[in-house]
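Okay, so here's the structure we're looking at.
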Amino acid sequence: MNRTQTSGATFVLAAAIAGWLTGPALTQESTATLHKAAQAEKTLSWCNGSLPDASAEKVINAFGKQYPGISVKSLRASSQVAYQRLMQDLENNMHNCDVFGSGDGSHFAELARRGDLMQYTVASASSINAQFRDLYEPGLYYPATTFLMVMAYNKNDVQAADAPKNWSDLIDPKWKGKVAIAHPAYSGNIGNWAVYMESLYGPEFFQKLAKNDPLVGRSSGDPAAQLASGERKIGITPMAEILRAINKGAPIEIVYPSDGSLVIVTHMAVLKKAPHPNAAKLFMEFVMGPEFGAIMTSEGRHSLDPAVPTAPGVKRISEIKAGRLTIDQVKNGIPPLIERWNATFGG
Amino acid sequence: MVSIDRPISAVGGGALGRFAVLPRVGLGQLAIFILVAILAFIVLYPMGGLLLRSLRDPSGGYTVAHYIDAFSRARQYQAYINSLLLGVAVTGLTLALAVPMAWAIARTDMPFKKLFRTAVFGTYIMPAYLLAIGWILLASPNAGWINKLFMGSTGVATGIFNIYSFSGLVLVITLSTFPIVFILVTAALEVISSEMEDAANILGAGRLRTGWYVTLPLVLPAIIGASIISFLEALSLVGTPTLIAIPARISVVTTELQQFFNYPIKVAAAAAYCMPLLVITILLLGVRKLILGRKGFVTLTGKGAERRVIPLGVWKWPMVLYAFIVVCLMLMLPSVVLVHAAFAKAWFRGWAWDNFTLENFRYLIFDHSSAMQSVVNTGVYSGTAATLAVLLAVAAAYVTTRKLSRLALFITFMCIIPFVIPGIILAIAIYASFAPPPVALYGTMTILVLAYLIRFLPIAFVSTSAAIGGVHPEMEEAVRSLGGSQLLAIRKIVRPLINKSIVAAWLLVFIGATRELSSAMFLYVPQTRPMSITLLDLSMENQLELLAALGFMMLVATFVVVFIGTRLLGRDFMVIGGRQ
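Just so you know, the sequences run in chain order H and Y. Using the numbering used here, you'd call the opening residue of the first sequence number 264 and step up by one each time. Using the numbering used here, you'd call the opening residue of the second sequence number 149 and step up by one each time.
Structure, rendered in C-alpha cells:
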C-alpha cells in the first residue's frame with residue numbers, strides 16, 4: 264500500500280471509532296432481529312442515483328461483511344434518470360426498488376408528498392446534529408453522503424499562475440472551449456450546483472457559460488474524466504471524483520473556489536412498497552452508521568459531523584469558504600432551473 | 149387454367165381444389181384472417197391508440213391541448229427542423245458512399261469483394277451507439293486520436309475534426325445507415341441479368357453510361373426504398389444523438405421526446421409530439437409510390453439468365469482505394485480504438501504496455517450487477533423476436549405478393565408502417581397500449597420481444613417480399629396447371645427458392661434487435677434490461693473502457709452467430725432475394 268492508502272486507512276479507522284463512540288445505534292438485539300429478517304429476504308435492490316459504481320462496490324462489500332447473507336444489487340444511473348425510472352415503475356404499480364438514493368433532494372420531497380416512502384426512523388441517524396435538521400425529514404428520508412463540489416484543472420495544460428480561482432472563471436472568455444461541466448437534467452448533483460450558481464451570480468451566469476462552449480456531460484463524474492483525458496482544461500467536479508482520478512495518476516489539481524465551494528447533501532430513503540423491506544431498513548441503518556461514513560470520508564467526502572476528519576489532501580469545511588443549500592432551495596430550485604438551462608443551452 | 153390473380157373468395161373452393169371437402173371458408177382464408185388479426189393487434193392497436201391518446205383529454209372528450217402543450221417551446225420546433233436537416237444530410241451522404249460501392253461489388257470485377265462485404269456486414273452488427281463511442285474516442289475535439297495526431301504533427305492548437313457538431317453527427321449516423329443501404333442496393337443489383345446491359349453495350353454505350361441509364365433505373369426501387377430507410381433511421385436514432393447531439397447542443401426529436409417521460413410522465417403530449425413525424429413518413433411513402441408507379445421489376449424468371457461482371461480496367465485500383473477508405477472510416481478506425489479501450493486501464497493513455505488489462509472483462513463478467521444478465525436478455529429477446537418476425541413476414545409477403553386477398557394493401561401497409569415509425573415512438577405507443585391493464589405487459593420480457601418484433605417486421609417483410617417478388621408466378625402456375633394445389637406450389641417451388649432469404653431475414657432481424665436501443669426505451673425494468681441500455685448507462689458514467697469491453701463481447705458473440713449462419717447458407721448469404 265502506498266502512503267496515501269495507509270493514511271487513508273488510518274483515517275477510516277479513526278473515523279469509524281469516532282462515529283461509533285458518538286452516537287447511539289440500534290441495539291445489538293434489534294440489529295440481530297432485523298438482520299435475520301433481512302437474510303430471509305435474501306436480496307436488496309438499491310436504486311442508486313448518487314454513488315458512482317466504484318464507491319457503491321465498496322459499500323456493498325462492507326455491508327456484506329457486516330451483515331452477510333444479503334446480496335445487494337446497485338442499479339446505477341444518474342439522479343434524474345434513476346428518478347425517471349423509479350417514477351415510471353411506480354406509475355405502473357411495479358416495485359423494483361427497495362432503497363432509492365439521489366443527489367436531487369426535490370425527488371424525496373415529492374416522493375414523501377405522494378406517500379411513496381416508508382415510515383421508518385433510522386436509529387443510527389439519531390446522532391445527526393440538530394443544525395442540519397433542514398436537510399432531511401426524519402422517518403422518511405435521510406442525508407446519506409455529504410461532499411464538496413469544487414473545480415479542477417489539468418496541470419499539464421494549465422500553469423498554476425493561470426489556473427482558475429473561482430466559479431466566475433468558468434465564464435471567462437479565455438477559457439472558451441476548454442470548460443467541462445454536466446447537465447442538470449441528468450445529474451442531481453449538477454442540479455444543486457446550478458441552483459447555487461444562480462443564487463451567487465444570477466441567471467445571466469448560464470447565458471455567459473453557454474457562450475463559453477463548455478462540454479456538457481451527463482453525470483457529475485463526466486468532467487473529471489474529460490480533464491483526465493485532456494479533452495478539457497478546467498471543470499467542475501465532486502471532490503471524490505477528482506481524488507479518484509488523481510489516485511489513478513491523472514494530472515489534475517483541485518481548486519477551492521473563492522466564492523465558496525458547494526456542500527452537497529445526497530439523500531436515501533426506503534420505498535413504501537419495497538419488495539424487501541427488512542433488508543432495506545437494515546441497509547439504511549448501515550448507511551447512516553459509522554462504517555459507511557468512514558468509506559465516504561476515505562474517498563474524499565465529508566461527514567455532517569465536523570469532528571470527523573477528512574481524507575489527506577481534502578480540506579475540512581471549516582477551513583474553506585463553503586455554501587450550502589436548504590432542502591427547500593433544492594426542492595423549488597432544480598425543476599424550473601432545468602427548464603431555463605434547456606432554453607439557454609438549446610439541448 | 150386457374151388464375152391466381154383473382155381473390156380466393158371469387159374462386160370459391162377452387163383455388164384450394166384439394167380441400168374442396170372443407171366448408172366454404174377455406175383454410176387459406178382462415179389463415180389470412182388470422183394473419184390480418186395479428187397484424188392489426190400488434191401494429192394498428194398501439195399506433196391507433198397513440199393517435200387517440202394524443203387527442204383525448206382525461207374526461208374522455210377530444211382536445212388539441214396536448215398538441216399545444218407539446219409544441220409550446222421554440223426548442224421543440226427547432227428539434228424538428230434539426231431532425232429533418234439531419235435526415236436529408238445523412239441520406240445524401242449515405243447514397244453517395246454506398247451506391248458506387250454496391251455497384252462495384254455487385255456488378256464489376258473489383259478485387260477483394262468478399263473482404264469488403266464482410267467488413268460492411270461487420271459494421272451492420274455494430275450498434276450505432278458503439279460506432280458513436282468509437283468516433284468520440286477518435287474525434288473528441290482535444291483528446292481524440294485523430295485530433296491529437298493532427299495537433300502533434302502540425303503544432304496547431306485546435307484539432308481538425310470536432311465530433312460534437314452537426315457534421316460529426318451526420319458522419320456517425322451515416323456510418324450506421326450505410327450497411328443497410330449497401331445491402332439493399334447490392335441485393336437488387338445482384339439479380340439483374342446482364343441481358344439489358346449487353347443490349348446497351350451492343351448499341352454503343354460505355355460502362356458509365358450503361359451503369360447510369362440502364363442499371364441504376366432498374367434498381368431505382370431499391371435505391372428509393374433504401375433512401376427512405378436511411379432518412380428515417382437518421383430521424384429515429386436515440387443513442388447517437390444522446391452521446392453527440394447533447395454535448396453539441398443540438399436538440400433533435402428523439403432527445404426532446406425523452407423529456408416528456410420525465411416525472412410527471414406526459415404520455416399524451418409525447419404522443420402529440422410524435423404525430424408530425426408520422427405525417428412526414430406517410431408523405432415519403434406517398435412520394436415513393438408516385439415515383440415507382442406500376443413499373444415492372446421482375447427479373448427472375450423461369451428461364452435461365454446470365455450475370456456477367458463488368459470489367460473495370462484502369463478504374464480497378466481507384467475503386468479499391470475508394471472502398472478501402474469507406475471501410476476504413478466505417479469499421480476499422482472505430483473498431484481499433486474500441487478494442488484498444490476494452491483492454492485499457494485508461495483509453496487516453498495510449499498504447500503503452502502498462503495500460504493493458506483484462507480487468508474490464510473480469511469486472512463485467514463477475515462483479516457488475518447486471519452486465520451478463522443483460523447480455524442473456526438481449527440474446528433471448530432478439531432470437532425470439534426474429535423467429536416470430538420471419539414467420540409473420542413470410543406469410544404476409546406471400547399473401548401480398550401473390551395478391552391472394554383484397555386486404556393485400558392493408559397487410560402490406562401494416563407490415564411496412566412500423567419501420568417508418570421511429571423506435572422511440574413505437575416504444576411510447578407500446579408503453580401506452582400494452583404496459584397498463586388490460587394487457588398489463590409492463591416489466592415483462594414479452595413487451596420487449598413485441599417491440600423488437602414490430603420494429604423489425606418490415607425488414608423481414610421487405611426482404612422476403614423481394615425474394616418472392618423475384619420469383620415469377622409462372623412456376624406456381626405451372627404446378628397448378630398440372631393439377632397441384634397452391635400449397636403444393638408454395639412448399640415445393642417457392643419455399644426452396646426463398647430458403648436462403650428466410651434465414652438471411654432471420655439473421656437481419658436478430659442482429660437488428662441486438663443493436664436496437666430506441667425501441668427498448670421506457671419498456672425495460674431492471675430484470676429485463678437489454679444490453680443496449682446497459683451500454684447507455686455505462687456511457688453516462690463515462691466508463692468508456694467498460695463500455696468498450698461489453699461491446700467487444702457482444703460483437704464477438706454476434707460474429708459467432710453470423711459465422712454459423714454463413715456456413716449454413718453458403719457464400720451467397722448476403723444476397724437477399726437473389727438467385728440461388
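Backbone N, C-alpha and C define an ideal beta-carbon position, used for all residues, glycine too.
What does Pro194/Y touch in chain H if you count any residue whose Cβ is under 9 Å from its own? Within chain H, no residue comes near Pro194/Y; the closest Cβ sits about 16 Å away, beyond 9 Å.
Distance check for Leu555/Y and Pro171/Y, CA to CA, integer angstroms please. Because the pLDDT of Pro171/Y is 45, which lies under 50, any placement of that residue in the model is unreliable, and the question is left without a value.
Under the three-state reduction of DSSP, which class applies to Tyr310/H: helix, strand or coil? Note on identity: in this sequence residue 310/H is Cys, with Tyr being the wrong assignment. Cys310/H: strand per DSSP, three-state reduction.
Drop a sphere of 10 angstroms on the beta-carbon of Ile601/H, count the other beta-carbons inside from all chains shown, and report buried for 16 or more, exposed for fewer. buried
Residue ranges of each alpha helix (DSSP H) within the region 466-495 of chain Y, 4 or longer: 481-490
Beta-carbon proximity check, Tyr405/H vs Val385/H, cutoff 7 Å: yes
Tell me which residue opens and which closes the alpha helix (DSSP H) that Asn417/H is part of. Taken as a continuous stretch (DSSP letters only), Asn417/H belongs to no alpha helix (DSSP H), being part of the beta strand (DSSP E) at 404-417.
With distances taken from CA atoms, which of Ser202/Y, Lys262/Y, Ile641/Y, Ala543/Y is nearest Val610/Y? Ala543/Y
List the residues of chain Y that Glu354/H touches, going by C-beta distances under 8 Å, in chain order. Ile413
For Thr363/Y and Ala244/Y, what's the separation of their Cα atoms in angstroms? 16 Å
Who does Ile444/H pair with in a DSSP beta bridge? Val479/H
With respect to the alpha helix (DSSP H) encompassing Gly352/Y, which residues constitute its N-terminal and C-terminal limits? Taken as a continuous stretch (DSSP letters only), Gly352/Y belongs to no alpha helix (DSSP H), as it is neither H nor E.
Taking Gly373/Y as the reference, which of Ile564/Y, Phe670/Y, Ser341/Y has the closest Cα? Ile564/Y
Which runs of the beta strand (DSSP E) spanning at least 3 residues fall entirely within the region 332-360 of chain H, listed in chain order? 334-339
Sorted by chain position, which residues of the same chain lie with C-beta nearer than 7 Å to Thr334/Y's C-beta, five sequence neighbours on each side aside? Ala250, Ile253, Ala254
What's the C-alpha gap between His516/Y and Leu314/H? 15 Å
Which residues bound the alpha helix (DSSP H) around Thr402/Y? 401-407
Do Met263/H and Ile499/H have their C-beta atoms closer together than 7 Å? In the structure as shown, chain H begins at 264 and stops at 610. Residue 263/H is therefore absent and cannot be evaluated.
Mind reading off the beta-carbon distance from Ile641/Y to Ala615/Y? Whole number of angstroms is fine, and I expect it under 8 Å. 13 Å between Cβ atoms; not a contact.
Ala588/Y in three-state terms, based on DSSP: coil
Can you give the beta carbon distance from Gly556/H to Val577/H, rounded, assuming they're within the 8 Å contact cut? So it is not a contact: roughly 14 Å between Cβ atoms.
From Ala545/Y to Thr560/Y, what does the alpha carbon distance come to, in whole angstroms? 8 Å
Find the nearest neighbour of Phe670/Y within the set Glu354/H, Gly312/H, Asp316/H, judged by alpha-carbon distance. Glu354/H
Residues of chain H with a CB under 8 Å from the CB of Phe670/Y: which are they? Gln351
Counting pairs of Cβ atoms below 8 Å between the region 583-599 of chain H and the region 448-455 of chain H, do you hit three or more? yes
Roughly how many whole angstroms lie between the Cα atoms of Leu698/Y and Leu683/Y? 7 Å
Same chain only: Cβ atoms within 6 Å of Ser324/Y, ignoring 5 sequence neighbours per side: Ala276, Leu279
For Gly378/H, which residues from the same chain have a beta carbon less than 8 Å from its beta carbon, with the 5 sequence-adjacent residues on both sides left out? Lys535
Provide the residue span of the alpha helix (DSSP H) that contains Ser318/H, from first to last. 316-329
Tell me, please, whether the CB atom of Leu284/H is closer than 7 Å to any CB atom in chain Y? Here Leu284/H scores only 46 on pLDDT, less than 50, and its place in the model should not be relied on; the value that follows carries that caveat. No, Leu284/H lies away from the interface with chain Y (no Cβ there is under 7 Å from its Cβ).
Show which residues of chain H have a CB atom less than 8 Å away from the CB atom of Ile394/Y. His446, Val479, Arg481, Gly610
Going by DSSP in three states, Ile527/H sits in which element: helix, strand or coil? strand
Less than 7 Å between CB atoms is the rule here; does Met520/Y satisfy it with respect to chain H? no
Sheet register partners of Phe363/H (DSSP bridge): Cys310/H, Ala532/H
Check whether chain Y comes within 7 Å of Ala288/H, counting only Cβ atoms and requiring the distance to be less than that. Unreliable positioning characterises Ala288/H in this predicted model, as indicated by a pLDDT of 49, which lies under 50. The coordinate reading is nonetheless provided below. With 7 Å as the cut-off, Ala288/H does not count as an interface residue toward chain Y.
Which residues in the same chain have their Cβ closer than 6 Å to the Cβ of Phe700/Y, if we skip the five residues on either side of it in sequence? Ala490
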